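Q: Take the sequence shown: its position 115, counted from the start at 1, is 368 in my numbering, and no numbers get skipped. I'd like to ask some things about the structure below.
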Amino acid sequence: ADLRTTLREIVTATSDKIDLSEAETVIAAGRGVKDEEGRALIRELADVLQAGVGASRALTEAGIYDPSLQIGQTGKVVSPQLYIGVGISGAIQHVAGMSNSKVIVAINKDPDAPIFEIADYGIVGDLYKVLPPFIDEIRRIKSA
């Protein structure tokens, strides 16, 4: 039996999520994002910046984020204009997937986290205390 395949149509998947590999801005969640409140803050920051959301391997393996959102050696490679790592320690496997980002901002409560070595800007602090005023300030600037 002769089997023939004909491509009739290419349909682009529609999603309210921004494609990580094409995103101008990427917010990456790391192990510091440990609960629904943390995920809500990540979503809120992504919404205000119209950013894609990615995650570290620890969070995708824990089932907190979908594996398709994993950034790093065993995930996606991103090179946005702006990368904001929230609770990301900066393991070499993750850095392999984002080191070509134009501007890197790190938010981590550990001042010795390796992510700060490659970050252009760093905020040492608890994401649960840092993100709400950070998000408010971005909103204020955008509405000015």
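Ideal placement from N, C-alpha and C gives every residue a C-beta, glycine not left out. Values in this document were obtained by computation on a predicted structure and should not be read as measured data.
1) State the Cα-Cα distance for the pair E290 and R257, rounded to the nearest angstrom.
2) Give me the Cβ distance between V358 and Y374, rounded to the nearest whole Å; I'm assuming they're in contact under 8 Å.
3) Is G343 near I368, with beta carbons less than 8 Å apart?
4) Indicate whether the contact test is met: 3 or more Cβ pairs, each with one atom in the region 385-396 and one in the region 307-314, closer than 8 Å.
5) Please return the same chain residues whose Cβ sits closer than 6 Å to the Cβ of I360, not counting the five positions on each side in sequence.
6) Which whole-angstrom value is the C-beta distance of A304 and I271, which I expect to be below 8 Å?
7) Looking at P333: is its Cβ nearer than 8 Å to the Cβ of V279?
8) Pick out whichever of I337, I345, A281 and V330 has its Cα sitting closest to the Cα of Y318.
9) Using DSSP with H/G/I as helix, E/B as strand and the rest coil, what is Q323?
10) Let me check understanding here. Comparing Cα to Cα, which of Q326, S352, A366 and G328 lies closest to Y336?
11) Could you give the first and the last residue of the continuous alpha helix (DSSP H) run that contains A282?
12) Hey, could you find the ends of the beta strand (DSSP E) G291 is sitting in?
13) By a C-beta neighbour count over all protein chains shown, 10 Å radius and 16 as the cutoff for buried, is V331 buried or exposed?
14) For the region 304-363, which segments carrying the beta strand (DSSP E) assignment without a break, of at least 3 residues, lie completely within its bounds, in sequence order?
A: This is what the structure holds:
1) 52 Å
2) 5 Å
3) yes
4) no
5) V339, I376, L380 and V383
6) 7 Å
7) yes
8) A281
9) strand
10) S352
11) Looking at the DSSP string, A282 is not in any alpha helix (DSSP H); the run it does join, the beta strand (DSSP E), is T278 to A282.
12) Here G291 belongs to no beta strand (DSSP E); instead the alpha helix (DSSP H) covers E289 to L302.
13) buried
14) 305-308, 335-339 and 356-361
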